[in-house]
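Accompanying notes for the structure given below.
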């Protein structure tokens, strides 16, 4: 028999989701301290559900306890595990998206790819935004909420690294070619090729980051 959730359980779940979203979107920066009373006032919740939410976030590795609650920062040395996770999650999610994406969704992806083709004409922040949106939408098209949740965490870890990487013109061109390859496989409903193209794309980015870290 399923256990009925109490009011505190529901409030704690709501606090958890709100805090998690703010952390993953970097609205709350890595290294920030989370004072329970301040969080309670901010989210208009009691200290008990706030504490339960923070414990859940600790279980996900997003916060830790160090004379209070602190938002975790990623270690650049862990970049390889982050990219390996992206390859696994996004690769299979793209395979599923090839089967499940609607024509309208594919049209929206094509618009993003066309916009990214402008490359150096765009501010770097806009390129990053379009790129994130492209990958996030593909994962969403897998229609697997667990993939979407895990992908969100890998994206948080990646941007949280603050890696010393500036993509050169030829690297942006290669990324654009790979985006087109992924889109082509999706439009042709070729899940195997879509997964392979996605893994290759992420592997390329990982190599660029590895080179940048070695030169740093």
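Residue numbers (the numbering used here): 94 to 309.
Where is the CB? At the ideal position from N, CA and C, for every residue including glycine.
Judged by DSSP secondary structure, residue 206 falls within the alpha helix (DSSP H) whose first and last residues are 196-209. The Cβ-Cβ distance between residue 172 and residue 302 falls below 7 Å.
Separation of residue 233 and residue 209 (C-alpha to C-alpha, rounded to the nearest whole angstrom) is 20 Å. Residues of the same chain with a CB within less than 6 Å of the CB of residue 138, apart from the 5 flanking positions on each side, are 104, 108 in chain order.
Rounded to whole angstroms, the Cβ separation of residue 198 and residue 283 is 16 Å, and the two are not in contact under 8 Å. The residues 123, 124, in chain order, have a CB closer than 6 Å to that of residue 166 in the same chain once the five nearest residues on each side in sequence are set aside.
From the listed residues 181, 297, 132, the smallest Cα separation to residue 164 is found for 132.
Close CB contacts of residue 271 within its chain, under the 7 Å cut and outside five residues either way in sequence, are with 290, 293, 294, 297 (chain order).
Between residue 182 and residue 155, the beta carbon gap of about 17 Å keeps them out of contact (Cβ cut-off 8 Å). The Cβ neighbour count for residue 180, taken over all protein chains shown within 10 Å, is at least 16; the residue is labelled buried.
Residue pairing from DSSP places residue 157 in a beta bridge opposite 163. With fewer than 16 other Cβ atoms from the protein chains shown falling within 10 Å of its own Cβ, residue 126 counts as exposed.
Per DSSP, the beta-bridge partners of residue 126 are 163. Residue 285 has its alpha-carbon roughly 35 Å from the corresponding atom of residue 150. Residue 240 sits buried, since 16 or more C-beta atoms from the chains shown fall within 10 Å of its C-beta.
Secondary structure of residue 270 (DSSP, three-state): helix.
Nearest to residue 237 by alpha-carbon distance, out of 206, 128, 188, is 188. The Cβ atoms of residue 135 and residue 212 do not sit closer than 7 Å to each other.
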